[in-house]
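In the numbering used here, the protein residues as written are 31 to 194.
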């Protein structure tokens, strides 16, 4: 019976173990590249835009920044400067957080001059074949994403909580 590995380190006397491992790795990588979907959809200028409405939740917003928000203001992505839609509705509630009492217990208490804000934003989006939403064909948005926004008079971070 033949040995599996001979005295020269070859499998069945024909191929070295190192060559076999290198060939196996190349085959696996080639298969992975072939099956991976790396194609990014190309948005054409003529692709239709759809109107959507999404909500942005902002927690613990200072009163000064809240005063800078107005309905009909345009939201921008602070990092890119691209428009993200128009504010249609602003809902404001007192900011409530847990506070530690002297006896070691926690209570929910409102924070002075801080607010929890929900913005309803109208935007025009392109939807690609994978169901991804691109506001004005440039900014990818999805529920749960945290974005740094700004308007002409305010800047804040918010989380997209709902999309319709």
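Backbone N, C-alpha and C define an ideal beta-carbon position, used for all residues, glycine too. Here the structure is a predicted model, which means the values were calculated and not measured.
Residue i and residue j closer than 9 Å at C-beta
i           : j           : result
residue 150 : residue 95  : no
residue 193 : residue 84  : yes
residue 145 : residue 90  : yes
residue 82  : residue 152 : yes
residue 88  : residue 135 : no
residue 100 : residue 183 : yes
Alpha carbon of residue i to alpha carbon of residue j, nearest angstrom
i           : j           : result
residue 31  : residue 50  : Residue placement at residue 31 cannot be trusted, given a pLDDT of 48 that sits under 50; what the coordinates show is reported in the next sentence. Straight-line Cα distance between these residues: approximately 22 Å.
residue 138 : residue 131 : 10 Å
residue 64  : residue 102 : 48 Å
residue 177 : residue 141 : 24 Å
residue 169 : residue 154 : 11 Å
residue 6   : residue 37  : Given a span of 31 to 194 for the chain in the structure shown, any question on residue 6 remains unanswerable.
residue 53  : residue 33  : 22 Å
residue 122 : residue 97  : 11 Å
residue 175 : residue 62  : 29 Å
residue 46  : residue 40  : 4 Å
residue 133 : residue 120 : 38 Å
residue 35  : residue 160 : 50 Å
Residue of the options minimising C-alpha distance to residue i
i           : options          : result
residue 78  : 44, 168, 156, 33 : 156
residue 92  : 40, 178, 52, 143 : 143
residue 171 : 115, 34, 58      : 115
residue 173 : 121, 86, 133     : 86
Do three or more CB pairs link the stretch 119 to 127 to the stretch 179 to 191 at distances below 8 Å?
no
Is the stretch 108 to 117 close to the stretch 157 to 164, with three or more CB pairs under 8 Å?
no
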